[in-house]
Amino acid sequence: MTGKNQDYFKIESNNAIPSRGKILISEPFLRDSVFGRSVVLLIDHTKEGTMGLIMNKLLPMKLNEVVKEFKYLEDIPLYNGGPMGTDTLFYLHTLKDIEGALAIGSGLYLNGNFNEIKRYILQGNPIEGNIRFFLGYSGWQDGQLNQEIEENTWMIGKGEAPSLMLDEIKSMWKKALGKLGGKYETWSHFPINPSLN
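Per the UniProt record's numbering, residue 1 is the first one in the sequence shown, and the count goes up by one each step.
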């Protein structure tokens, strides 16, 4: 195999700059029960640190088990937002009129008045593609994420963050990496454990 071909399989970041509303895509061989093959939406990236939500990791419990008003509704999925604040509920949505919601960009909002969210759901409005609920979040101290990007742990994704609300979670990581094209698209086909291939 020539040096050029070997470089094609060398895992390296695309060196894009992280910012609110962009996505992080984990490198193919990251062996981590939380972040392995994850797609993380960046909620904030400042000199104080970074916050994000993992978009493609479902929890075994449903929101209906957490919010008593939803007990008799159809099951509402609950996602693992990350390893920090795991007793805190976050909700990402496309509902621009929710009071107190933080604009993430491209028509996505975080949190806001939960009573308004509950009212929206209890009135029978569609949840899928409009609201996603998370327990916990992903956090990095000042400089930590940039260091992990330099260490080739993460790539910065392309595309519209709102599409993450509609993407199938099982294929989200592969699809996000594939959108980067070239060798990144090739990486999206790597097996989780190459030694078993």
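We treat Cβ as the ideally placed atom computed from N, Cα and C, and that holds for glycine.
Asked, Found
"On the CB-based measure, 16 or more other CB atoms within 10 Å of its CB, does residue 26 come out buried or exposed?", "buried"
"With contact counted as at least three CB pairs below 8 Å, one residue from each stretch, are the region 55–70 and the region 78–91 in contact?", "yes"
"So residue 58 and residue 164 are supposed to be a Cβ contact under 8 Å. How far apart are they, rounded?", "Actually they do not touch by this definition, with Cβ atoms about 14 Å apart."
"For the alpha helix (DSSP H) holding residue 123, just list the boundary residues, first then last.", "From DSSP, residue 123 is part of no alpha helix (DSSP H); its letter is neither H nor E."
"Buried or exposed: where does residue 171 fall if 16 or more other Cβ atoms within 10 Å of its Cβ makes it buried?", "exposed"
"Within the region 72–150, note down every full alpha helix (DSSP H) run reaching 4 residues or more, in order along the chain.", "114–122 and 144–150"
"Looking at residue 173 and residue 56, is the spacing between their C-beta atoms short of 8 Å?", "yes"
"Ends of the alpha helix (DSSP H) at residue 26?", "Careful: residue 26 lies outside any alpha helix (DSSP H), inside the beta strand (DSSP E) at 23–26."
"How about residue 82 and residue 52: do their beta carbons lie closer than 8 Å?", "yes"
"Nearest to residue 180 by alpha carbon, out of 94, 191 and 155?", "155"
"Taking residue 177 as part of the alpha helix (DSSP H), name the residues at either end of that continuous run.", "169–178"
"Quick one: what does DSSP say residue 166 is sitting in, helix, strand or coil?", "coil"
"What is the residue span of the alpha helix (DSSP H) that residue 183 lies within?", "182–187"
"Alpha carbons only, please: which of 168, 166 and 157 is nearest the one belonging to residue 178?", "157"
"Where does residue 30 fall in DSSP's three states?", "coil"
"Taking 8 Å as the limit between beta carbons, can you name the residues of its chain near residue 23, skipping five residues before and five after?", "39, 40, 41, 42, 55, 156, 157, 159, 161, 164 and 176"
"Buried or exposed: residue 80, going by 16 or more other Cβ atoms within 10 Å of its Cβ?", "buried"
"So what does residue 156 bridge to, in DSSP terms?", "24"
"Measuring straight from C-alpha to C-alpha, what distance separates residue 113 and residue 129?", "19 Å"
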